[in-house]
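In this note's numbering, the protein residues as written are 376 to 1053.
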């Protein structure tokens, strides 16, 4: 096998030198070598190198060597004829000359040998060994074809018939016969339960149809001679079995461990091997069509045919290369497809916890990276992490921040490619993804902020509705209280006062003394006036209207039964605020002092009124018992909060058991335009 491998390589070199340089004849040399001989020889050499004992690998190498030696012998004969004038033409009847026999007989035997090897290679797949009794008999019978170069001339068969029987027909039909025998082998294996062979049935059937169709075209070529479209089609299909067999063996050796050994080779090498085989076939077929057309058409038309052939075969070549790339590397998205996929994912990015792992996995798979780490979330924002792959090389790391304006919203870290190097296009893809991811993170944060604000607005709207309802109920209750006080108190006092006046009138009519009665009526009138003044003061104190907030609070503090200290900032002297601000501040102080009397059990209270950053700050502090729990639980405190918030202020209540209570409110400082004391 080593001798065969070396001989095949030397024959290829010699054929190229003899045909292209010495004889200057490329019509069949380079196209045939590139289209069939070189792919078959390289695939056989590759398979035998990794599995020297495997029958399939050995037969494939022998087929490639036989093809190489056949073309080398052919051009050696042409060189001898040109340089030494040997007549190697065989007569129509009878035996050829000794010189012709010495050259033509090895050529014919060699052609039949590699045709028989092709049959045995295909018929005994996938392991190259006999499994059924008929296989040994049928395949052994094919070796009898080697006697045709000797038997047919001795029998007086015309030279043209010998050439067809020895070269054209075996080379045309035997690949199809081998594929047909493989179909029979698969069918019998299925019946015998041999699944490893039976699963090749679809592939064997397709190969049989294809190779037998190719043989038919070669047959029509012999009928029509070396001209016409069928000749061109036959030339194009001539390399088909050898290219397909070569590609199938190399692919199966990696994909399915076809040779029975684990071949550990970088996938770039595998793809490169398949690319060379496909490119050799492409060049060979294009050159064959162009050079063959040059024998029958003018040079201009021949060039046009060659260019047309190149254009027609280019899509087939690209499709085969894409198929090889997908089989070797798996399904890989193009840069555009990868960006579109990321963009689609980012359009629906609402959960960054799910988005980060999705982006990491997509980037690792799309660019074939060893590992990817993605962090989404900027400074002061929650971090969302995603990872794909395992980081093995700590020294090779690339980081790319996710910039949105002048803000960093995350980070992409990734390692080297599993195989190959980064290209500028790969970096462009990562940068595009970084920009899209930064925009997505920014949008998610905006959506979250908007959602939080909507929830806050809804909460405030709900509280506003509730506070409005509470204010309405409080107003109704206050009106009922005033009504009860007027009816049950002042009205009864007035009725009694009227009765006393009637009594005084009657006494006066009788000539009695009415001074005592009038004195009593006068005292009752003063008492009713005081009570009316108290009711009016509870509704709206006149001092608040006449003199302002400070005077009203001071007046309210003086009427308290416990000491109340009022501290007022000097800048607030004689300053009048908007009516609603003064009323809200006063009723806050009034209600707070009322609560101190009712619930605090305090000995002292303090009221502070100050200014701070455009706010009017009112604070009521006591030294009472305080309370625990929710400060807003009481209806009184809730009413205070509603009244303050109704005018755009806020209220803060702090208290602890045994530590007193502090009620602090801020109201927008809106000064009355016609301010001043009246």
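Built from N, CA and C at the ideal position, the CB exists for glycine as well.
When Cβ pairs closer than 8 Å are counted between the two stretches, the stretch 497-511 is seen to touch the stretch 549-566, the count reaching three or more. Residue pairing by DSSP places residue 761 opposite 749 in a beta bridge. The C-beta of residue 739 has 16 or more other C-beta atoms within 10 Å across all chains shown, which makes the residue buried. Take residue 1037, set aside five residues on each side of it, and the residues of its chain with a beta-carbon closer than 6 Å to its own are 996, 1029, in chain order. In this structure residue 1045 is not in contact with residue 960, their Cβ atoms being roughly 12 Å apart against a cut-off of 8 Å. The beta-carbon separation of residue 521 and residue 488, rounded to 7 Å, stays under the 8 Å limit for a contact. Residue state for residue 774 is assigned as strand, using DSSP reduced to three classes. Of the residues assessed, residue 988 falls on the exposed side of the cut-off, its CB having fewer than 16 other CB atoms within 10 angstroms.
Per DSSP, the unbroken alpha helix (DSSP H) holding residue 389 starts and ends at 377-391. DSSP, reduced to helix, strand and coil, places residue 551 within a helical segment of the structure shown. Residue pairing of residue 785 in beta bridges, as defined by DSSP: 751. Looking from the CA of residue 413, the closest CA among 859, 615, 895 belongs to 615. Taken atom to atom, the span from the alpha-carbon of residue 588 to that of residue 423 is near 30 Å. Taking one beta carbon from each stretch, the stretch 789-806 and the stretch 821-830 have fewer than 3 pairs nearer than 8 Å; the two do not touch.
With the rule of 3 Cβ pairs closer than 8 Å, the stretch 773-790 counts as touching the stretch 732-752. With respect to residue 480, residue 452 sits apart: the two C-beta atoms are not nearer than 9 Å.
At least 9 Å separates the beta-carbon of residue 432 from that of residue 386. Around the beta carbon of residue 934, fewer than 16 other beta carbons lie within 10 angstroms, which makes this residue exposed. Beyond the five residues adjoining it in sequence on each side, residue 892 comes within less than 7 Å, by CB distance, of 875, 878, 879, 882 in the same chain, given in chain order. Within the same chain, Cβ atoms closer than 8 Å to the Cβ of residue 865 are found at 903, 906, 907, 910, the five residues on either side in sequence being excluded.
Rounded to whole angstroms, the gap between the alpha carbons of residue 814 and residue 785 is 11 Å. Distance between residue 734 and residue 783, taken at the CA atoms: about 18 Å. Scanning its chain for C-beta atoms nearer than 8 Å, with the 5 sequence neighbours on each side dropped, one finds around residue 485 the residues 441, 444, 445, 448, in chain order. In this structure, residue 514 lies away from residue 578, with their beta-carbon atoms at least 9 Å apart. A Cβ-Cβ separation of about 5 Å places residue 977 in contact with residue 998 under the 8 Å criterion. Annotation note: the stretch 969-1025 contains the following uninterrupted beta strand (DSSP E) runs of length 3 or greater, listed N- to C-terminal: 980-987, 990-997.
Annotation for residue 941: the continuous beta strand (DSSP E) segment containing it runs 939-943.
In the structure shown, the three-state DSSP call for residue 530 is coil. C-alpha of residue 981 to C-alpha of residue 828: approximately 38 Å in a straight line. If you draw a straight line from the Cα of residue 505 to the Cα of residue 565, it comes to about 16 Å. Leaving aside the five residues that flank residue 937 on each side, the residues in its chain whose CB is nearer than 8 Å to its CB run, in chain order, 971, 972, 977, 978, 979, 980. Under DSSP, residue 1041 forms a beta bridge with 992, 1025.
Of the candidates 763, 651, 688, 673, the residue whose Cα lies closest to the Cα of residue 699 is 651. Counting C-beta atoms within 10 angstroms of its own C-beta, residue 811 has 16 or more neighbours from the protein chains shown and is therefore classed as buried.
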